[in-house]
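Undergrad: Just passing along the structure, written as C-alpha cells.
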Amino acid sequence: MTATLTTFTNEGLTFDVTDSGPREGDPVVLLHGFPERATCWRFVAPLLHEAGLRTIAPDQRGYSPGARPSGRYPYRTSALADDVIALLGTIGRPVHLVGHDWGSAVGWTVAARRPDLVRTLTAFSVPHPTAYIRALLGPQGPKSWYMAYFNLPWLPENWLGMLDRLLSSSGMTGTDLRRFRSEIVDYGALPGALGWYRAMPLSKPVGRISVPTTMVWSDGDSAVARAGVDATARWVTGPYEKVVLRGVNHWIPTQAPDAAASAVLARARSG
14 MTATLTTFTN EGLTFDVTDS GPREGDPVVL LHGFPERATC WRFVAPLLHE
64 AGLRTIAPDQ RGYSPGARPS GRYPYRTSAL ADDVIALLGT IGRPVHLVGH
114 DWGSAVGWTV AARRPDLVRT LTAFSVPHPT AYIRALLGPQ GPKSWYMAYF
164 NLPWLPENWL GMLDRLLSSS GMTGTDLRRF RSEIVDYGAL PGALGWYRAM
214 PLSKPVGRIS VPTTMVWSDG DSAVARAGVD ATARWVTGPY EKVVLRGVNH
264 WIPTQAPDAA ASAVLARARS G
C-alpha cells in the first residue's frame, strides 16, 4: 500500500501536503495559485477520486508554515519549481501535473525542466510564461497592473481593504474572501505569497513543453487576456489542446469544478 504523504522537504523547508483518494491510483499533483492554498482543489479532488486517481496537493513555498523564507530571492520561479520536483521525487513515479494561476506558472516550469517526471500537464488560467510575457506588450499589460502594486513594500499586506476589493472584482465570492482572510492572512501566508510577485524579475525563461498538455482559460477572466493563451501553442511541441470555458471567471477550480475535473481527466486519459 502506498503511504499517505503529509509533508515533504526541500532545501531545509518543510511543506504540508493533502494526499487523498485511492492509494494505488495514478498520482495527480495539484498546484494552487495566489492567494489560495491546497484547499482550492477541495471540489475538484473528489471528482478525480471517483475516477480512480490519487490527488496530492501541497501548500507551496510561502504558504506552508515550515517553508516561509524571508526576502524575495527565495521565491523566484526556479526555486518554486525545485520544490515541486522534490515532491515528485518523494512520490517516486511520474505524475499528472495540474496548476491554477501561479500554480500553472510553476507547472509549466517543471514540465519544461523535467519532462521525465510529468506524464501530462493541465494548466488553468495562466498560459506558458513566455507567451504571457510577450502578451504584456498588448492587451495583457493593462490587466496586469496589480503586479506592480504587489511589488510595493509593506502596503499590499497591510492595506487589506484594497486586496479585498481587487479579489472581489475578479469574481471571488464573499465565502472565498472569508476563506482568504482565514487561510492566508490569519495563517501568516500573505507576505510569502506576495514574494512570488516580488521575485518575478529574477525568473528565468521557460523552455518548450514536450509532454501532453491542456491549457484551460475562461472568457470571464479579468486577470488574464486571451492573447497569451492563444500563443501558448507555439511553446508546446507535444500533443496540445486549448479549452475555453464560457461565462466562468478566473477562479476555475472553486467556481467551475466539474469543468476543471473534466479537463484534467481528459488529459490524464490521453497520457
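Be aware that the sequence shown starts at 14, since it is given in my numbering, and climbs by one per residue. Glycine included, C-beta positions come from ideal geometry on N, C-alpha and C.
1) Report the three-state DSSP secondary structure of Asn23 (helix, strand or coil).
2) Looking only at DSSP bridge pairs, what is Gly112 linked to?
3) Is there contact here, the stretch 178-190 with the stretch 261-276, by at least three beta-carbon pairs under 8 Å?
4) In angstroms with no decimal places, state the Cα-to-Cα distance between Phe137 and Val229.
5) Measure the beta-carbon distance from Val30 to Pro71 and round it to whole angstroms, keeping in mind my assumption that it falls under 8 Å.
6) From Gly38 to Tyr162, what distance separates their C-alpha atoms?
7) Who are the Cβ neighbours of Trp172 in its own chain at under 8 Å, not counting the five residues just before and after it?
8) Per DSSP, Lys255 is paired with what?
9) Helix, strand or coil: how does DSSP classify Arg67 here?
10) Judging by CA-CA distance, which residue of Asp32, Ala276, Ala51 and Thr15 is the nearest neighbour of Ile197?
11) Determine the direct distance from the alpha carbon of Gly34 to that of Thr17, and round the result to whole angstroms.
12) Excluding the 5 residues flanking Gly79 on each side, which residues of the same chain have their C-beta closer than 8 Å to its C-beta?
13) Can you tell me where the alpha helix (DSSP H) with Ile98 in it begins and where it stops?
TA: Judging by the given coordinates:
1) Asn23: strand per DSSP, three-state reduction.
2) Leu44 and Ala136
3) yes
4) 5 Å
5) 5 Å
6) 42 Å
7) none
8) Met228
9) strand
10) Selection Asp32, Ala276, Ala51 and Thr15 evaluated against Ile197 yields Ala51 as nearest (Cα-Cα).
11) 10 Å
12) Thr20, Leu26, Thr27, Phe28 and Asp29
13) It spans Thr90 to Ile104 - the alpha helix (DSSP H) in which Ile98 sits, taken as one unbroken run.
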